[in-house]
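The next block holds one structure in the form of structure tokens; read it before the comments.
2 protein chains.
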Amino acid sequence: MVVDPARTYRYRAEERLRRTGARVTRPRIEVLAMLLAAPRALTHHEIERQVNRALGIDRVTIYRVLEWLTAHGLAHRISGDDRVWRFNAAEDERTHEHAHFKCNDCGEVICLDKAIAARSVPLPTGYRTQEIELTVKGLCADCVPARADRHRRQGPAQHRQ
Amino acid sequence: MVVDPARTYRYRAEERLRRTGARVTRPRIEVLAMLLAAPRALTHHEIERQVNRALGIDRVTIYRVLEWLTAHGLAHRISGDDRVWRFNAAEDERTHEHAHFKCNDCGEVICLDKAIAARSVPLPTGYRTQEIELTVKGLCADCVPARADRHRRQGPAQHRQ
DNA sequence: GCTCTTATGCAACATGGTTGCATTTGACCC
DNA sequence: GGGTCAAATGCAACCATGTTGCATAAGAGC
Ligand SMILES: [Mn+2]
Ligand SMILES: [Mn+2]
Ligand SMILES: [Zn+2]
Ligand SMILES: [Zn+2]
Chain E
279 MVVDPARTYR
289 YRAEERLRRT
299 GARVTRPRIE
309 VLAMLLAAPR
319 ALTHHEIERQ
329 VNRALGIDRV
339 TIYRVLEWLT
349 AHGLAHRISG
359 DDRVWRFNAA
369 EDERTHEHAH
379 FKCNDCGEVI
389 CLDKAIAARS
399 VPLPTGYRTQ
409 EIELTVKGLC
419 ADCVPARADR
429 HRRQGPAQHR
439 Q
Chain C
279 MVVDPARTYR
289 YRAEERLRRT
299 GARVTRPRIE
309 VLAMLLAAPR
319 ALTHHEIERQ
329 VNRALGIDRV
339 TIYRVLEWLT
349 AHGLAHRISG
359 DDRVWRFNAA
369 EDERTHEHAH
379 FKCNDCGEVI
389 CLDKAIAARS
399 VPLPTGYRTQ
409 EIELTVKGLC
419 ADCVPARADR
429 HRRQGPAQHR
439 Q
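Residue numbers (my numbering), protein chains in the order written: chain E, 279 to 439; chain C, 279 to 439.
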């Protein structure tokens, strides 16, 4: 029996959406399914390319869906140094107490499984900690110098955004 | 003997600029002096308000000066979650191995003195660490709940950006 | 002062995201 | 199935933050 993986992710997306009690719409399903299928955080651009081209869903709608998913805990938003937000389906088990990795070459962002031991950073008196954000920057497996020659010929890997 | 503090910062700014061997210009002096005087990281906007209003220095020039100061190690740039860069004079002793604090209420950003013990976060195989960024988010001394009533009357502290 | 290089000012542009408002549609009820 | 209505979508215009191109101004060495 062969299953269509995209169909499977859509199904899981619908399920999660239904659990919120809010409307289950095509844009919400498609965007969330795409986030669920992705092994890394996606930009609005990447989502738009797939979901707008294939289904004509408007870019503003995609922005609104991403905002809504984030507000409802179905996704989370990662803000990088390139002024582009990236989104990831939120595995609700995994509380957002985890760190992120960002590739300095291709821009890829992934979530690192709970790795924050850096509790209790000392602050000036009167200041109060609420969250700690930790981002590791470096090279992803596709971009380590060992493969630098491929890059020189073809340019860096292109999930740049 | 009374000294004008702004004059002192300008003097220190000129000194640092001269040491780079590059041209010592009015915009560079003013922007760097302002960064030296500030107890926290400043946005382009904040700098523009002061330096453009008082001296008519163009906003593009301010952008270019900030970029130049950063490239020459006289300032460093902090990218937050609000797509606004903030700048700080670089105390050259303090290598950029320090963490940052950002107030969730008023947006204030400060540098925390070397506090990263979070070395060696485990990554997927093939990935390589280059830098680690740590940002503590919470409430600054002006914004802690103890003073929430003042905020309710007057709005949050206004160095929001 | 003169010259040469570099920095500045100004206008136009780019990017990523937001807002207002008319139209469509999902969910609930029958 | 069809009717109702709040909520979501599409579209156009907008905004904020930063960049680029190019003519002009001004540091610094002589
Ligand atoms: Mn994450
Ligand atoms: Mn800093
Ligand atoms: Zn990479
Ligand atoms: Zn504050």
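Just so you know, even glycine gets a beta-carbon here, dropped at the ideal spot from N, CA and C.
Contact check, residue i vs residue j, beta carbons under 7 Å
i, j, result
"residue 407 of chain E", "residue 414 of chain C", "yes"
"residue 348 of chain C", "residue 305 of chain C", "no"
"residue 378 of chain E", "residue 410 of chain E", "no"
"residue 311 of chain E", "residue 288 of chain E", "yes"
"residue 367 of chain E", "residue 351 of chain E", "no"
"residue 342 of chain C", "residue 326 of chain C", "no"
"residue 314 of chain E", "residue 300 of chain E", "no"
"residue 294 of chain C", "residue 302 of chain C", "no"
"residue 361 of chain C", "residue 361 of chain E", "yes"
"residue 329 of chain C", "residue 345 of chain C", "no"
"residue 418 of chain C", "residue 381 of chain C", "yes"
"residue 245 of chain C", "residue 421 of chain C", "Since the displayed chain C opens at 279 and closes at 439, residue 245 of chain C lies outside it and no answer follows."
Range of the contiguous beta strand (DSSP E) that encloses residue i
i, result
"residue 367 of chain C", "363–367"
"residue 356 of chain C", "353–357"
"residue 412 of chain E", "406–417"
Helix, strand or coil at residue i according to DSSP, with G and I counted as helix
i, result
"residue 386 of chain E", "coil"
"residue 401 of chain C", "coil"
"residue 377 of chain E", "strand"
"residue 321 of chain C", "strand"
"residue 303 of chain E", "coil"
"residue 280 of chain E", "coil"
"residue 340 of chain C", "helix"
"residue 316 of chain E", "coil"
"residue 309 of chain E", "helix"
"residue 329 of chain C", "helix"
Limits of the unbroken alpha helix (DSSP H) element including residue i
i, result
"residue 350 of chain C", "Where residue 350 of chain C is concerned, there is no enclosing alpha helix (DSSP H), given that its DSSP letter is neither H nor E."
"residue 291 of chain E", "283–298"
Residue i classed as buried or exposed, judged by whether at least 16 other C-beta atoms fall within 10 angstroms
i, result
"residue 403 of chain E", "exposed"
"residue 282 of chain C", "exposed"
"residue 280 of chain C", "exposed"
"residue 334 of chain C", "exposed"
"residue 323 of chain C", "exposed"
"residue 353 of chain C", "buried"
"residue 286 of chain E", "exposed"
"residue 386 of chain C", "buried"
Within chain E, the residues that residue i reaches when beta carbons sit closer than 9 Å
i, result
"residue 402 of chain C", "379, 388, 390, 418, 419"
Where residue i meets chain C, residues with beta-carbon distance less than 8 Å
i, result
"residue 410 of chain E", "412, 413, 414, 415"
"residue 329 of chain E", "Under the 8 Å cutoff, chain C gives no residues; its nearest Cβ is about 23 Å from residue 329 of chain E."
"residue 338 of chain E", "Simply none; closest approach about 18 Å."
Proximal chain C residues relative to residue i, where beta-carbon distance stays under 9 Å
i, result
"residue 382 of chain E", "408, 409"
Interface partners of residue i on chain E, CB under 8 Å
i, result
"residue 361 of chain C", "357, 361"
Neighbouring residues, chain E, relative to residue i (Cβ below 7 Å)
i, result
"residue 422 of chain C", "404, 406"
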